[in-house]
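Top line first, the protein sequences correspond to chains A and L. Okay, so the first sequence: first residue is 213 according to my numbering, each after it adds one. Okay, so the second sequence: first residue is 6 according to my numbering, each after it adds one. Structure, as structure tokens:
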Amino acid sequence: MRQYRKFLLFILLLLALLIFLVWQYRVAAKPAVRIGVLHSLSGTMAASETPLVDAVRLAVEEANETGGVNGAQIEMIVSDCRSDAVYCAEQAEKLIVQHKVQALFGCWTSDCRKAVRPVVERHDNLLFYPVQYEGMEQSPDIIYTGAAPNQQIIPMVSWAMQQHGRRAYLIGSDYVFPRTANNIVKKLLLTRGGQPVAERYVPMGEQNFDAIVGEIAAQRPDFVVNTLNGDSNLYFFRALQEAGISADAIPVFSTSIAEPELAAIGPERVAGHYAAWSYFQSVDSIENRAFIERFRHRFGSQRVLDDPMEAAYIGVHLWVNAQRSAGTPDASSVKIALGKQTLNAPEGIVAVDAETRHLWKPVRIGRARADGQFDIVWQSGRSVAPAPFPFFISHAERAVMAGGAK
Amino acid sequence: MKISTRLQLLFLLVAVLPLALFSYLNLQQDEATLRTEALDRISGLADKKLIQVKTYLAERKREVQILARDPQLMNAIRTLPQGYAAGQLNPSYVREATQLQAYFGRYVEEHALFHDVFLMTPQGEVIYSQKREADFATNLLAGPYSETLLAHAFREVLMTLEPVISGYGYYAPSQAPALFIAAPIMVDGQFKGVFAAQLGNDLFYQVATDATGLGMSGEAIFAQWDGDDVLYTTQLKYRSEAPMKLRMNPQQSRSLPMLGALSGESGSGVKPDYRGKPVVGAWRYLPELSWGMVVKIDADEVFASIARQRVLMIEVVLGLMLFSGMLAYYFGRQISVPLEDMARTADEVAKGSMGKRVDESTPGELGRFALAFNRMAENLQGLYSTLEQRIEARTRDLNVTIAQLHEEIIERGQIENALRDNRDRLNEAQQLGRLGSWELNLLSGKLHWSDEIYRMFELDPAHFVASYENFLRVIHPDDREKVNQAYAQSLVDRQTYDVEHRLLMADGRIKWVRERCSSEFDESGKPLRSVGAVQDVTEHKLAEDRQRIAAVAFETHEGIVIADANANIIRVNHAFQEITGYDSEEVVGKNPRLLSSGAHDKAFYAAMWQQLLNEGSWSGEILDKRKSGEIYPKWMTISTVKDSEGKVSEYVAIFSDISARKKAEEEIRNLAFYDTLTKLPNRRLLLDRMSLALNSSMRNQHYGAVMFLDMDRFKTLNDTMGHDYGDLLLIEVAQRIHSCVREVDTVARMGGDEFVILVEDIDSIAEEASQRAALIAEKIRASLTTAYQLKDRSYHSSPSIGVCLYRGNEESVDALLKHADMAMYQAKESGRNTVRFFDPQMQYAVETRAALEADLRYAVFNGQLRLHYQIQVDDEHRALGAEVLVRWVHPTRGMVSPAQFIPVAEESSLILEVGHWVLETACRQLAAWSKSELTRHLSIAVNVSAQQFKLVDFVDRVMAVLRTFDVEASHLKLELTEGVVLNDVTDVVAKMYALKALGVRLSMDDFGTGYSSLAYLKQLPLDQLKIDQSFVRDITTDPNDAVMVQTIIGMAHNFRLDVIAEGVETEGQLAFLRQHGCRAFQGYLFSKPVPIEEFEQLLGRGDS
């Protein structure tokens, strides 16, 4: 009998050893998968861009909780763009070559994106660009999670024309996005029988808007189209308020003002003016409420959310889902898988348009409130197909509008 | 366990089970692989299908986009609107329309790509339609179909200027489901209109529902949201409803794959479908139409092969088990059957059938075993038969021997009977004579004892072996040697020996025996045999001993008298003669009463004789007379001696002279309880006496006194003249004190120069007793102050005496002494050489105060307090208000004057409770008064005690009370005496200001009677000064008081304070006060303090 027992014990030990080895093998820490985050943490764009890092972080943590990417945890490496496009491109190069990131999430200004794009394409890497922009661009290596012009600028101006009149005053910061956007707006106005009253540009970071506001007061347009970016917006709206121009009289339609900017400028200065985004924090859906809850639980109950943050967040999830669906980190497989992705996002159901590499997104127009949130005054009801190259602008015109850069 | 069972188990464990396990695991693996493959395949199919649909839609959209740029269309949109505006029958319109009709015919009628096409103006007017259904010529922004899919698509085109695919749904004008693609028409860069195409169902439908690659049970289904429900847009394979007709509530089937698809998920898995059957499915979202798509195959179909394999595996395993079972059984039997057979044969052999054999024919090990078994059986048989023969022979021999033995036994029996008779006779004789006999055979060493020896030695013959050694053992250890010697000697001398010796019994008793022994010798002189006799002579010996002891005891140092039954002395011992002085001859024959001292009465002797008769002995102390006449105490014990019949034969008295002992006892007592120097009782004795005195006083309720006496400056005497003079003084003092008191009183020395005198039983009345005690104390004092003659010196001294009366034992001894001591101390303080009493009044006062305090506490909380109101009037005798004074009505004490209970309250903190009660009651009354016109204006003045005012939250309390009863603060006046506000100026001032802030008025009571400076008073925020009644009383008679009052009034006016005079009793006083400017009055002239009912009556009557 004793011999039986010894034998049994031996078998058990062997089994235990086997189990241990198998477990070790499975649990053996797989090397982490790296992504790079390129946003300006300093400089004029810092106020707008810094929150996006948090949005990306939340998405990364959520993905890691559900098993990461093909068994490996996601590690994010954050680089400060310093509101300098050239510097940003250098950082992008460093992230791809040195840190071997599999994808980049970042950029805000179109200058920045246009500088980073060649780097990404050269290394066959991947960039997720989360900000609304002027369109006229398409790259197999960039997924544009922000709105294309037909999902923001065009419906915004169309609606403004329907509601307020034909005469529009255009003001913007002096770089590619406002210039290209205004080209589209002018074309749109002309197409619809509208009239661009004036088209003005100020350098990035401009603080003195007395002349501009004076002109607006004199010209009395039906509405203003505002493509200013960065803290210029603060000074512009302050000047408007000081000049006594009310939102009812001359409403301003802005492309780069969201909830954080409201807070920074002072909501009472912007109340009554408009903005167009796919996502507002005030979107009333279960998904959005849960998203806001998760974000605030992680980063603080006083935080506000805006469209670029939401776009950055969904960018990460789209990438993670594509990785999981492809089952391999091979860049091409991931890019193909990305083309098929759909996601139940806080803004609504979004889908990647495989051909244009942009997203089907809902369109919303919001009116700023004194409490720092937006009332949604018009929405498309369902997600709209992206058209980075507007239908009503011919090829020849496009080349001109995009300033030669495609 | 049987062999076949074991084999079966073995087969199972080794072969079948591992096989089954392995197959099962394999199967699981296959299933998992199959599952993954199936999911991959279905995902691939889903992706393909999605692309199919998307491609179809994209192609249609492209076609629309191209058509929107067609010159024909652009032309038409330029000219058609005007024609349309003019009317549909307008010739230019008709012309244009016909052209378009022909143009679009290719797409609509011929190839049936579109069901219908439309042209709209930017304002929403449908100016052209191929089919001219009900939607033609309506306005999409404002008309009847402004909420259709076409209208929504149109509006979206307006907003985005992009080609748009609408949703899918039922389209009323066509009475069928439809899908629209619309695009803007740009002419020269201007937005001129919208071109829309309505998609033909059938083609689209075919594409969507093509089920290639989906097996027998598979299908691709599409659905969209319709409100809160899921609406299936295609026909389901397993449901009969037409497309766009089947709705499902998502609440009912939450895990539908379609739900996942519709919420934007793309995934795959094995899930239950709308039938509830598990399917392998993949789901996707189609943003173009906001559709969810599910592509699925029944799980049964997919995993059919696995299911089959599993069944096969089970069959195989079962088959194997059966097969192995049978095999095991067969092989088992091969072994077990022969073994069984052998076992059976062995049993039979064991039972006795020696001839049985087993079958040796089985092959292998079993055959060999059988062979060996048979050989063994053979041997066994042989042995058995040999044994049987031997047994028979033996049995025959035995029978002969038995018969012989039988005869001998009978003979024996007869001899034994004769022997027994002889022995019995011998035993009887020995018992009678207490004589035992023994015989020792010296050759064999065997010793035989008769029964009597055993009885005498108290040994049990059953347990005791008779031997010389054992015999010696019974002998008393001290005599063993003697006996042994005697015997040995007798053997040598060839003489009989005759010794007496003791036996030591097991329980320790001693027996005396006499032993005689003679021995027989052979010719050579060797002892052969000894015979002996042992006689029990214990009784004899005891009697001898007793006599001897008596003789010795007789001559002890204690006196012994032996008298006969008539109490005549028979014998006396030597000690008697020594102690009493009488010779033996002088007393023999006489009665012992010649020794009596005459100190005891008849009763004593009678009791002694009585006890002697009853109990047979008496002991006690007795005083007798020696021959010389000296009386001495002795301790005597008398015993009666009874004869064998119980009658008294003699009296024996033993006594000793205890005079020496008595003296020693006296000595000790003295030392313990008496002071050696003065021979007075010491502290211990005093305490004892005092407690007795208290108890005695308790019984007869007479007062007694304790006096504490201390010699003044005794220490000085000791220091100057030395201790021996001091001692002499103390002795003299003791004597003198003694002479002043009675015998029954106790004078004690407490130590040093302190004496305590306990005078008991003085009188039953306190005053008398204290008088008498005083007299005694005075007498002592006087006695002790006369001169002392100490040796050769003369000395003067004096005492300090403290006296404390007592009655009963309410006070303890210690308390009494302490009080007397305190009184003595008082005497010393008062200058020495005097007497002081511990004041019983003090005691009394304390007790009454405690009782009063307790009663007062109860009174406060049980409504025994009352407020009396003394009216305050102005110079026209109108009522201004009242001062409230607290009164206490006790159920048994009656009306307790404030002079009594206020001080008691102030000593405890009850004053706070009382004060608060007064405040509350006053405010309650104010609240009641505020309701009536007559009384609304009245104010109440409340006295505030110093303790109340000192409270940290006094102001808060006042505020709280005001608020509780909702009283106008200015009607409340707080009267503070100078004493109240004397200390802690800052605190006082702050509180007063706080009270003023509330609106309360403040009045200084008893003004002028305190010691505070005017400067200090100036700081206080007062409203009113109250002139004390002591001043008012004498204003008409004493000019000083008059001036004082004048001054006070003047000062009050200067400081702008109100002034009120209290204690106004006469008209004269009133007139004087009025004359000098006083406008408010209080006093008996108007009313004494009365209860509220009377007060209100007073008000009603007008006033004084």
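Glycine residues also receive a C-beta, built at the ideal position from the N, C-alpha and C atoms.
To the nearest angstrom, how far is the alpha carbon of residue i from that of residue j?
i, j, result
"T103 of chain L", "F200 of chain L", "17 Å"
"G198 of chain L", "P433 of chain A", "27 Å"
"L385 of chain L", "R401 of chain L", "26 Å"
"L931 of chain L", "S944 of chain L", "7 Å"
"A476 of chain A", "Y345 of chain A", "22 Å"
"A864 of chain L", "A739 of chain L", "56 Å"
"A139 of chain L", "L154 of chain L", "14 Å"
"I575 of chain L", "D662 of chain L", "21 Å"
"M847 of chain L", "F1100 of chain L", "Low confidence applies to M847 of chain L: its pLDDT is 48, below 50, so where it sits in the model is not reliable enough to give any reading."
"V309 of chain A", "E349 of chain A", "25 Å"
"F16 of chain L", "A375 of chain L", "29 Å"
"S390 of chain L", "I396 of chain L", "10 Å"
Inspect the beta-carbon positions of residue i and residue j and report whether they are closer than 9 Å.
i, j, result
"S554 of chain A", "V546 of chain A", "The sequence shown places Thr at residue 554 of chain A, not Ser. Going by C-beta atoms, T554 of chain A is not nearer than 9 Å to V546 of chain A."
"S802 of chain L", "D680 of chain L", "no"
"G537 of chain L", "E457 of chain L", "no"
"L981 of chain L", "V1005 of chain L", "no"
"V963 of chain L", "L1025 of chain L", "no"
"A1066 of chain L", "V1037 of chain L", "yes"
"F435 of chain A", "G377 of chain A", "yes"
"A599 of chain A", "G347 of chain A", "yes"
"L233 of chain A", "R510 of chain A", "no"
With 9 Å as the threshold, decide whether the Cβ of residue i is near any Cβ in chain L.
i, result
"T403 of chain A", "yes"
"L230 of chain A", "no"
"P367 of chain A", "yes"
"K398 of chain A", "no"
"T554 of chain A", "yes"
"N533 of chain A", "yes"
"H607 of chain A", "no"
"W489 of chain A", "no"
Please confirm if residue i has its CB atom under 9 Å from at least one CB of chain A.
i, result
"R65 of chain L", "no"
"T143 of chain L", "no"
"V947 of chain L", "no"
"A201 of chain L", "no"
"H157 of chain L", "yes"
"Q13 of chain L", "no"
"G172 of chain L", "yes"
"M221 of chain L", "no"
At 3 residues or longer, and completely inside the stretch 888-914 of chain L: list those beta strand (DSSP E) runs for me, N to C. If we require 3 residues or more, the beta strand (DSSP E) runs fully inside the stretch 888-914 of chain L come out as 899-901.
Contact set between the stretch 587-603 of chain A and chain L, restricted to residues whose Cβ is under 8 Å from the partner: Under the 8 Å Cβ criterion, the stretch 587-603 of chain A contributes S592, G593, R594, S595, V596, A597, A599, P602, F603.
Output the residue ranges of the beta strand (DSSP E) runs that lie fully inside the stretch 776-824 of chain L and measure 3 residues or longer, sorted by chain position. The qualifying runs are 793-795, 798-800, 804-812.
Using a Cβ-Cβ cut-off of less than 9 Å, list which residues of the stretch 186-197 of chain L approach chain A; keep chain order. The stretch 186-197 of chain L vs chain A, Cβ under 9 Å: A188, P189, M191, G194, Q195, F196.
In chain order, what are the residue ranges of uninterrupted beta strand (DSSP E) at least 3 long that sit wholly in the stretch 196-236 of chain L? Entirely contained in the stretch 196-236 of chain L, the beta strand (DSSP E) runs reaching 3 residues are, in chain order, 224-231.
Near-chain A residues of the stretch 42-64 of chain L - C-beta to any C-beta below 7 Å: Listed by position, the residues of the stretch 42-64 of chain L near chain A (Cβ gap below 7 Å) are D52.
Counting only Cβ-Cβ distances shorter than 8 Å, please list the residues of the stretch 261-281 of chain L near chain A, keeping chain order. Sequence-ordered contacts of the stretch 261-281 of chain L with chain A read S268, G269, E270, S271 [C-beta pairs closer than 8 Å].
Could you name the residues of the stretch 294-326 of chain L whose beta carbon sits closer than 8 Å to any beta carbon of chain A, in the order they occur along the chain? The residues in question are S295.
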